[in-house]
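Have a look at the structure below before the remarks.
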């Protein structure tokens, strides 16, 4: 590809001195440079278009060598999280192309990097590797350089083992955090006069469990309070704060007159909870008799109101800073929207619409288009289709909570 400056990036890619490969997010080789082919002793036809596990499998006769599986895990992590991963030195043996079943002992220092597409999603995975086999093997006798090289490899192996244990610990914490979130998020209780659906989808990355939450409750006077929120932070701490804020807002909704006073109360409470600073929340109170929605927003993405004709309005006339963001307490604003019978109210957290390197308005436009396409479907179907339309193929990098209420 040649750009407006006359740079042929295909030629640049092929001329890179390091071995470089491009993968799809499904771990299929899209392209490799000449240094890669030379290092691996392969032709382009033997690599491009093939899965990593097919092109360069682990030696089935040596279970101790797991280079392909480690590289596979790293690439999947980069695809899921959109983050760079510099792998530690590791052994990844390569089968001789002209001697099937015979494997050469090889050592590598790889780096894997996400390549983002125009929509902000991970489109490709860039893999760069340095062959350090000769460095590890050493040349000559047990001189000082050889000893240092062996020590370097030993330390790298130890570091890799530590990193693997850390990832396992993070994975266990993620499982506990997810279990805690699921236990604290309420099951959907059928409403007397409305149909609704709720969804919670955790982030794809093992390190990114956050504190997204939702609430849907009928008030004593027949109105419906519906809310979503997002706690800054990750893991068990965020899940614990999420539970406290959700319960506090539910209680405030039952004893205050309107969403703004309820968020005022929640904001005062958040100042007393470690980890609740800068949490966001939006609360809507639906009055079916008067066909109005009163709402107040503490730094959260705006709810969407879908009309039967496919028109979508974002309720953004009562937006204020997140909880605890102001040094002194200030009453929050409140606004009101009128709806027609058959309209649908959709509340969500930012994981549904936000993408790296993309303006939030692009995500809002994408959401509005999805809602318009699927207008008229029941809340459960609409919730599932919204998630299908807006979740990246590799999974979201942030949690998503979603509430769909047919009015």
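Numbering (this note's numbering), first residue to last: 36 to 442.
Ideal Cβ placement from N, Cα and C applies to all residues, glycine included.
Computed from a predicted structure; not experimentally measured.
- Beta bridge pairing from DSSP links residue 420 with no other residue.
- Scanning its chain for C-beta atoms nearer than 6 Å, with the 5 sequence neighbours on each side dropped, one finds around residue 427 the residues 156, in chain order.
- Assignment of residue 435 by DSSP, reduced to helix, strand and coil, places it in the strand class.
- Counting only the Cα atoms, residue 75 lies some 12 Å from residue 143.
- No Cβ-Cβ contact shorter than 9 Å links residue 414 with residue 382.
- Within the segment 331-397, no run of alpha helix (DSSP H) reaches 4 residues while sitting entirely inside it.
- DSSP places residue 151 in the strand class (E or B) of the three-state scheme.
- Look at the segment 43-120 and you find these whole runs of beta strand (DSSP E), each 3 residues long or longer: 54-58 and 64-67.
- Within the model, the alpha-carbon separation for residue 259 versus residue 279 is close to 21 Å.
- In terms of Cβ geometry, residue 360 and residue 405 do not form a close pair [threshold 9 Å].
- The way I'd put it, the segment 322-335 does touch the segment 366-385; three or more beta-carbon pairs between them come closer than 8 Å.
- Residue 300 carries a helical assignment under DSSP once its states are collapsed to helix, strand and coil.
- Between residue 66 and the set 417, 282, 83 and 44, the nearest pair of CA atoms involves 83.
- Under the 10 Å beta carbon count, residue 373 is surrounded by fewer than 16 other beta carbons and is classified as exposed.
- If you ignore the 5 residues before and after residue 392, its C-beta comes within less than 7 Å of the C-beta of 151 and 155, all in its own chain and listed in chain order.
- Around the beta-carbon of residue 416, fewer than 16 other beta-carbon atoms lie within 10 Å, marking it exposed.
- Distance check between residue 104 and each of 116, 91 and 96 places 91 closest, using alpha-carbon atoms only.
- Residue 262 sits in a strand when the DSSP states are folded into three classes.
- Residue 232 is bridged by DSSP to 439.
- Contact check for residue 403 against residue 349 passes: the beta carbons are separated by less than 9 Å.
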